[in-house]
Amino acid sequence: MRKLIGVVGVGVTAWLLASPGAAHADISSPEGAAGGGETPGGYSAYAVRLEGDYSVSLAGRVSLPAPRCWWTEVEAPDPNNAEGVRDWFAAYLSSHGPSSAGGGAYVQASARHPEAFDAAVDADREGAGVTWYKLEYDRSMTPAELVGAGCTDWAVQGGAMVGDVPIMYNYFPFQTPRPPVVDVRVLAEYAYEVMNLVSPELDWNPKIAGRNNAALINLPTWMWVRDAEAVDTREVTASVGTVSVTVTAEPGTMLVRSEAGSASCDASQATTSYRAGRDESSACTVSFSKESYGVEGGFAVVAEVPWTASWRSGAEGGALGPRPRWVRETTSVPVSGSQALVTQVN
0 MRKLIGVVGV
10 GVTAWLLASP
20 GAAHADISSP
30 EGAAGGGETP
40 GGYSAYAVRL
50 EGDYSVSLAG
60 RVSLPAPRCW
70 WTEVEAPDPN
80 NAEGVRDWFA
90 AYLSSHGPSS
100 AGGGAYVQAS
110 ARHPEAFDAA
120 VDADREGAGV
130 TWYKLEYDRS
140 MTPAELVGAG
150 CTDWAVQGGA
160 MVGDVPIMYN
170 YFPFQTPRPP
180 VVDVRVLAEY
190 AYEVMNLVSP
200 ELDWNPKIAG
210 RNNAALINLP
220 TWMWVRDAEA
230 VDTREVTASV
240 GTVSVTVTAE
250 PGTMLVRSEA
260 GSASCDASQA
270 TTSYRAGRDE
280 SSACTVSFSK
290 ESYGVEGGFA
300 VVAEVPWTAS
310 WRSGAEGGAL
320 GPRPRWVRET
330 TSVPVSGSQA
340 LVTQVN
């Protein structure tokens, strides 16, 4: 079974947030401190590492899961200039005063001002540079949930003026923010969405030479999937930062149906191709009740496979989706009443 390893990323995904509540409306940024508001432009690009049976095509089309929180550059003229950011932030604080409603005390605490800015300046001078970021997040999350989810740490707990305040501004090595935090269940759903569930295209035997490979009326026709992975277990692991989840999908009974005959076949039968001497009971067979005369290309024979999936991440896990996910493929099979020449297909 072929296994893939790759990284999927996007440029900018629009995910506008609802206005934050009054209780912590001023912890988002100096720009939005007084009145809250939305985050224009959505969240910054990030990557999902995929391993296993995923579809490269789907991974290129399906939107990445929206994170619970992520770090984006502050609105300072140059987020990579530690001294400039310190001056810019000081100017902002001086213009808003001590009121937490105006953003002063609360934002100051959330930025650990001035110690963090001084430390950033020292790190900038001594190392390869730093970049200042602010924390953006799902506005339904409380400060305690932000810390509990691993989005950030506490700046102040139980402060006399502002209470519990998470760190909303932080500097990291130059242009290297922390990866976003994605809910593990949401990441699992994404992994399942990009999983490569192979279409159950059918082959069959017997076939009448010179009659468009027609099957024979009222004779058990062996039918099997051309690709055994169409009825085999599939698995995809998706990772974002320290969050990793593995999704496993299992196929159910393959249904084969047409206007002239149908069958239900398990995975073993669905992968058993015709070979002289093989027991017919081990195969998936359909007895067509009539000819396909007048039906262009033959009868439309639909093979469909139901898939059920589960996820696991450390000690967590569970089922995905309340109903099976069906994968279908239609194969045209001509059926003839003639039993002249038969070509065996191995």
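For the record, in the sequence shown the residue sitting at position 189 is 188 according to numbering that gives the first Met the number 0, with numbers rising by one throughout.
Here a beta-carbon is modelled for each residue, glycine too, at the ideal position from N, C-alpha and C.
Limits of the unbroken alpha helix (DSSP H) element including residue i
| i | result |
| --- | --- |
| arginine 124 | 114-125 |
| valine 55 | 55-60 |
| serine 94 | 81-95 |
First through last residue of the beta strand (DSSP E) which encompasses residue i
| i | result |
| --- | --- |
| glycine 162 | 162-165 |
| proline 305 | 298-312 |
| leucine 134 | 129-136 |
| glycine 317 | 315-332 |
| alanine 275 | Here alanine 275 belongs to no beta strand (DSSP E), and DSSP marks it neither H nor E. |
| cysteine 68 | 68-72 |
| arginine 111 | Unbroken run through arginine 111: none, as it is neither H nor E. |
| glycine 385 | Beyond the ends of the chain as shown, which are 0 and 345, falls residue 385; an answer cannot be given. |
| valine 294 | Run containing valine 294: none; DSSP gives neither H nor E here. |
| serine 281 | From DSSP, serine 281 is part of no beta strand (DSSP E); its letter is neither H nor E. |
Rounded C-alpha distance that separates residue i from residue j
| i | j | result |
| --- | --- | --- |
| threonine 271 | aspartate 202 | 11 Å |
| leucine 134 | glycine 149 | 12 Å |
| serine 139 | proline 165 | 15 Å |
| tryptophan 221 | alanine 282 | 6 Å |
| valine 155 | valine 120 | 22 Å |
| threonine 175 | threonine 130 | 8 Å |
| alanine 218 | alanine 269 | In the sequence as displayed, the identity of residue 218 is leucine instead of alanine. The straight-line gap from Cα to Cα measures roughly 18 Å. |
| valine 244 | tryptophan 310 | 7 Å |
| glycine 251 | serine 312 | 24 Å |
| phenylalanine 287 | tryptophan 223 | 16 Å |
| glycine 276 | phenylalanine 298 | 28 Å |
| valine 146 | proline 172 | 21 Å |
| alanine 89 | aspartate 137 | 27 Å |
| methionine 253 | alanine 227 | 12 Å |
| alanine 108 | threonine 241 | 27 Å |
| valine 161 | glutamate 125 | 33 Å |
| proline 64 | alanine 110 | 28 Å |
| leucine 196 | glutamate 279 | 28 Å |
| glutamate 290 | proline 179 | 59 Å |
| valine 183 | proline 323 | 21 Å |
| tyrosine 132 | tyrosine 168 | 6 Å |
| glutamate 74 | glutamate 192 | 35 Å |
| threonine 330 | serine 267 | 20 Å |
| valine 405 | alanine 229 | Residue 405 cannot be examined here, being either before or after the span of the chain that is shown, 0 to 345. |
| methionine 194 | serine 93 | 53 Å |
| proline 76 | arginine 85 | 11 Å |
| serine 335 | proline 199 | 24 Å |
| valine 332 | tryptophan 325 | 22 Å |
| leucine 215 | glycine 320 | 41 Å |
| aspartate 163 | tyrosine 105 | 10 Å |
With 16 other Cβ atoms within 10 Å as the buried cut-off, status of residue i
| i | result |
| --- | --- |
| tyrosine 170 | buried |
| tyrosine 292 | exposed |
| valine 55 | exposed |
| glutamate 295 | exposed |
| tryptophan 306 | buried |
| aspartate 123 | buried |
| tryptophan 87 | buried |
| arginine 327 | exposed |
| proline 113 | exposed |
| alanine 127 | exposed |
| aspartate 117 | exposed |
| serine 28 | Its pLDDT being 30, under 50, serine 28 is placed unreliably in this model, and the coordinates cannot settle the point. |
| alanine 208 | exposed |
| alanine 81 | buried |
| tryptophan 70 | buried |
| aspartate 265 | exposed |
| glycine 260 | buried |
| arginine 60 | exposed |
| arginine 352 | Any question about residue 352 goes unanswered here, given that the chain covers just 0 to 345. |
| threonine 141 | exposed |
| proline 205 | buried |
| valine 66 | One point to set straight first is that residue 66 is proline, not valine, in the sequence displayed. Label assigned to proline 66: buried. |
| proline 78 | buried |
The ligand MN heavy atom lying under 7 Å from the CB of residue i
| i | result |
| --- | --- |
| aspartate 123 | As far as ligands go, the structure on display features none, and thus does not contain the ligand MN. |
Beta carbon proximity, residue i to chain C, threshold 8 Å
| i | result |
| --- | --- |
| glutamate 125 | Chain labels in this structure do not include chain C; a single protein chain is all it has. |
Next on the checklist: Restricting to runs no shorter than 3 residues, where is the beta strand (DSSP E) found entirely within the stretch 225-272?
Outcome noted: 233-239, 242-250, 253-257 and 260-264
Next on the checklist: Does the structure place the stretch 299-317 close enough to the stretch 178-187 that three or more beta carbon pairs sit under 8 Å?
Outcome noted: yes
Checklist entry - Can you give, in chain order, each stretch of the beta strand (DSSP E) that sits fully within the stretch 147-213 and has at least 3 residues? => result 153-158, 162-165, 168-172 and 201-204
Checklist entry - Can at least three beta-carbon pairs, one atom from the stretch 229-244 and one from the stretch 47-54, be found at a separation below 8 Å? => result yes
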